[in-house]
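Residue 218 in our numbering sits at position 211 of the sequence shown, with consecutive numbering throughout. Every residue, glycine too, gets a C-beta built ideally from N, C-alpha and C.
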Amino acid sequence: MKTATINDKLSLSDQLLISDIADLASSGVKTIICNRPDGEDSDQLTFTEIQAAAAQYGIIAIHQAITPGQISGEQVDAFRQAVDAADGKVHAYCRTGTRSITLWSLSEARTGVPAATLIERAESVGYDLSGMAEKFAAANPDAPRAPTPKEYDVVIVGGGAGGISVASSLLKRTQDLSIAIVDPAEVHYYQPGWTMVGGGVFTQEQTVKSMSSLIPSGVVWIKEAVATFAPASNQVTLEDASVLQYRQLVVAPGLKLNWGAVEGLTETLGHNGVTSNYRYDLAPYTWKLVQGLKSGKAIFTQPPMPIKCAGAPQKAMYLSSDHWLKSQVLGNIDVEFCNAGAVLFGVQEYVPALMEYVKKYDATLSFNHNLVKIDGPSKTAWFEVKDAEGNTQVVEKTFDMIHVCPPQCAPDFVAQSELADANGWVDVDQTTLQHKRFNNVWSLGDVQNAPNAKTAAAARVQAPIVANNLLHELGRENWVAHYNGYGSCPLTVERGKIVLAEFGYGGKLLPSFPSWVLNGRKPTRLAWWLKEIILPPIYWKAMLRGREWMVTPVHEKG
Numbered sequence: 008m009k010t011a012t013i014n015d016k017l018s019l020s021d022q023l024l025i026s027d028i029a030d031l032a033s034s035g036v037k038t039i040i041c042n043r044p045d046g047e048d049s050d051q052l053t054f055t056e057i058q059a060a061a062a063q064y065g066i067i068a069i070h071q072a073i074t075p076g077q078i079s080g081e082q083v084d085a086f087r088q089a090v091d092a093a094d095g096k097v098h099a100y101c102r103t104g105t106r107s108i109t110l111w112s113l114s115e116a117r118t119g120v121p122a123a124t125l126i127e128r129a130e131s132v133g134y135d136l137s138g139m140a141e142k143f144a145a146a147n148p149d150a151p152r153a154p155t156p157k158e159y160d161v162v163i164v165g166g167g168a169g170g171i172s173v174a175s176s177l178l179k180r181t182q183d184l185s186i187a188i189v190d191p192a193e194v195h196y197y198q199p200g201w202t203m204v205g206g207g208v209f210t211q212e213q214t215v216k217s218m219s220s221l222i223p224s225g226v227v228w229i230k231e232a233v234a235t236f237a238p239a240s241n242q243v244t245l246e247d248a249s250v251l252q253y254r255q256l257v258v259a260p261g262l263k264l265n266w267g268a269v270e271g272l273t274e275t276l277g278h279n280g281v282t283s284n285y286r287y288d289l290a291p292y293t294w295k296l297v298q299g300l301k302s303g304k305a306i307f308t309q310p311p312m313p314i315k316c317a318g319a320p321q322k323a324m325y326l327s328s329d330h331w332l333k334s335q336v337l338g339n340i341d342v343e344f345c346n347a348g349a350v351l352f353g354v355q356e357y358v359p360a361l362m363e364y365v366k367k368y369d370a371t372l373s374f375n376h377n378l379v380k381i382d383g384p385s386k387t388a389w390f391e392v393k394d395a396e397g398n399t400q401v402v403e404k405t406f407d408m409i410h411v412c413p414p415q416c417a418p419d420f421v422a423q424s425e426l427a428d429a430n431g432w433v434d435v436d437q438t439t440l441q442h443k444r445f446n447n448v449w450s451l452g453d454v455q456n457a458p459n460a461k462t463a464a465a466a467r468v469q470a471p472i473v474a475n476n477l478l479h480e481l482g483r484e485n486w487v488a489h490y491n492g493y494g495s496c497p498l499t500v501e502r503g504k505i506v507l508a509e510f511g512y513g514g515k516l517l518p519s520f521p522s523w524v525l526n527g528r529k530p531t532r533l534a535w536w537l538k539e540i541i542l543p544p545i546y547w548k549a550m551l552r553g554r555e556w557m558v559t560p561v562h563e564k565g
């Protein structure tokens with residue numbers, strides 16, 4: 008928690024952790040205001056979790072969720088009233104603290120405090136509100152006009168696997184572009200490692216590094232969230248109301264884990280045997296549950312597609328079952344895989360090897376089972392089940408442990424923009440990854456709508472393709488690179504063996520190695536060695552640094 012003291016009554020910070028509540032209580036805080044909607048980030052604690060922790064210290068928690076870049080006058084008034092009405096000190100928070108300090112600043116502007124004073128005060132506690140001058144003017148006519156938008160050759164939205172990789176690939180090809188990465192996150196996660204954390208193979212610490220250590224040299228890191236896109240005018244508006252002007256835009260913010268789509272899920276995550284490897288702080292809880300379960304019912308769920316790493320839900324089942332088998336308790340545990348889809352895996356060639364492990368672990372496969380509701384205290388889950396005729400019914404199941412893969416969708420600021428297709432994803436040409444309507448807009452990673460598997464391996468291949476084609480659009484490359492839909496899913500069928508699924512568009516097999524070296528249709532120790540030992544350093548030291556090992560783009564003459 009990075010705390011900024013605004014005055015004797017109000018302080019603010021970035022996202023709170025449970026451990027922060029005790030510190031706030033000891034400092035005299037009596038009220039907490041959450042200005043962040045639930046579900047913005049995969050590792051974000053819900054308001055309900057914060058509220059429950061605060062109640063233990065007698066702290067009142069208020070949820071005043073603010074959508075980035077969309078602060079209304081009514082919300083400013085509500086924030087001011089909540090602070091004024093509070094008995095004792097107040098602490099407000101959001102993702103970075105920007106929304107909270109913006110609410111306070113706007114409320115002060117309404118009382119006639121000059122914009123320059125507010126901007127200077129925000130800067131003194133670590134926030135840049137220079138882009139808010141125009142909004143301050145709406146409350147205080149004497150405020151100065153908004154500054155000119157900052158201009159960059161390339162603006163990259165998202166500092167994840169895709170965003171940093173494409174920045175590095177651009178720098179590998181040219182050094183004379185001004186490039187900005189927009190991302191408010193302080194840390195960067197190696198998300199493919201969370202399955203291994205949930206299986207007791209990796210530690211949490213192996214899957215995280217500071218964002219500042221990974222931003223390529225020469226790239227400007229803007230620690231803000233995007234509010235809106237204006238592709239017709241080549242502009243991006245940030246959460247703090249500042250504006251970026253670009254020549255080329257790359258959209259790579261990842262997707263949104265929609266925990267709230269399952270009734271009751273956010274309230275019980277991390278408790279009552281409910282876990283998920285899709286969240287950094289919960290993967291260790293998965294391993295704790297697996298180690299502690301000696302008998303009973305274990306359910307593993309998979310929502311409707313698309314999701315990132317489509318094999319991850321069943322990977323959790325395999326690694327858990329392998330531990331139970333080796334601990335000689337599997338015979339006492341009823342393992343069930345509840346899949347909203349109709350098949351175990353989307354590429355048929357890999358299914359026989361996976362079915363051998365389903366049989367080995369005596370797991371029940373329940374297809375067309377979509378998790379819609381969960382009650383943690385009673386350890387009950389409800390599934391919407393569809394039959395062959397399309398009729399649905401709701402089925403109730405009890406559990407001792409349940410691993411949930413949440414429904415997934417595009418981030419709100421993308422889905423509500425002109426860049427999105429009808430389903431909310433960035434609308435790109437699946438071969439070039441160029442936007443279908445805006446020629447200077449590109450997208451890669453989980454947020455775009457090409458029909459490839461949403462994996463880090465896909466982003467690793469896409470990054471040099473986007474870099475090449477963006478430069479071609481600027482007249483700096485003679486060739487157009489084509490993406491074949493490559494994605495990879497290392498299916499951890501047991502500790503020590505992996506079925507390495509590699510495929511492209513239409514399920515075409517695209518193995519990286521000849522079958523005599525590594526047969527991806529069979530479980531192999533070599534594939535496990537790649538996953539455990541080789542792929543993490545390739546991610547940190549090659550992919551994110553523009554070292555394009557085995558991902559040379561395929562070109563067509565432009």
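Item, Value
"Helix, strand or coil for residue 331 per DSSP?", "helix"
"Less than 9 Å separating the beta-carbons of residue 259 and residue 228?", "no"
"Under 9 Å between the Cβ atoms of residue 386 and residue 406?", "yes"
"Assign residue 22 to one of three DSSP states: helix, strand, or coil.", "coil"
"If we ignore side chains and look at the alpha-carbon of each, how far apart do residue 483 and residue 549 end up?", "24 Å"
"In angstroms, rounded to a whole number, what distance separates the CA positions of residue 150 and residue 473?", "With a pLDDT of 46 at residue 150, under the threshold of 50, the modelled position of this residue cannot be trusted, and the question is left open."
"Taking 9 Å as the threshold (C-beta atoms), are residue 109 and residue 139 in contact?", "yes"
"Which value, in whole angstroms, describes the spacing of the CA atoms of residue 152 and residue 512?", "Unreliable positioning characterises residue 152 in this predicted model, as indicated by a pLDDT of 49, which lies under 50. The coordinate reading is nonetheless provided below. When rounded, the distance between both Cα atoms is 50 Å."
"Can you grab the Cα-Cα spacing for the pair residue 17 / residue 211, in whole Å?", "34 Å"
"Look up residue 255 in the DSSP assignment and say whether it is helix, strand or coil.", "strand"
"Residue 71 to residue 90, Cα distance in whole Å?", "12 Å"
"At which residue ranges does the segment 417-488 contain complete beta strand (DSSP E) runs of 3 or more residues, listed in the order of the chain?", "448-450"
"Looking only at its chain, what residues have a beta carbon closer than 8 Å to the beta carbon of residue 82, apart from the 5 residues adjacent to it on each side?", "71, 73 and 110"
"My assumption, with CB atoms under 8 Å, is that residue 417 sits in contact with residue 427. Please give the rounded CB distance.", "7 Å"
"List the residues that DSSP assigns as beta-bridge partners of residue 136.", "Answer by DSSP bridge pairing: none, since residue 136 is not bridged."
"Given residue 360, which residues of its chain have a CB within under 7 Å of its CB, disregarding the five upstream and five downstream residues?", "506, 528, 529 and 530"
"Roughly how many angstroms separate the alpha carbons of residue 32 and residue 446, rounded to a whole number?", "52 Å"
"Going by C-alpha distance, which of 442, 170 and 461 is nearest residue 238?", "442"
"Buried or exposed: which applies to residue 286, given that a residue is buried once 16 or more other Cβ atoms fall within 10 Å of its Cβ?", "buried"
"Could you tell me which residues DSSP pairs with residue 373 in its beta bridges?", "345"
"Just verifying my parser: in three-state terms, what is the DSSP assignment at residue 231?", "coil"
"Ordered along the chain, which non-local residues of its own chain (more than five positions away) have a Cβ less than 8 Å from that of residue 170?", "163, 164, 188, 190, 257, 259, 260 and 452"
"Using alpha carbons as the reference points, say which of 100, 167 and 377 lies closest to residue 49.", "167"
"Just list the residues that DSSP pairs residue 217 with in beta bridges.", "194"
"Below 8 Å on the Cβ atoms is my guess for residue 176 versus residue 470; work out the distance and round it to an integer in Å.", "5 Å"
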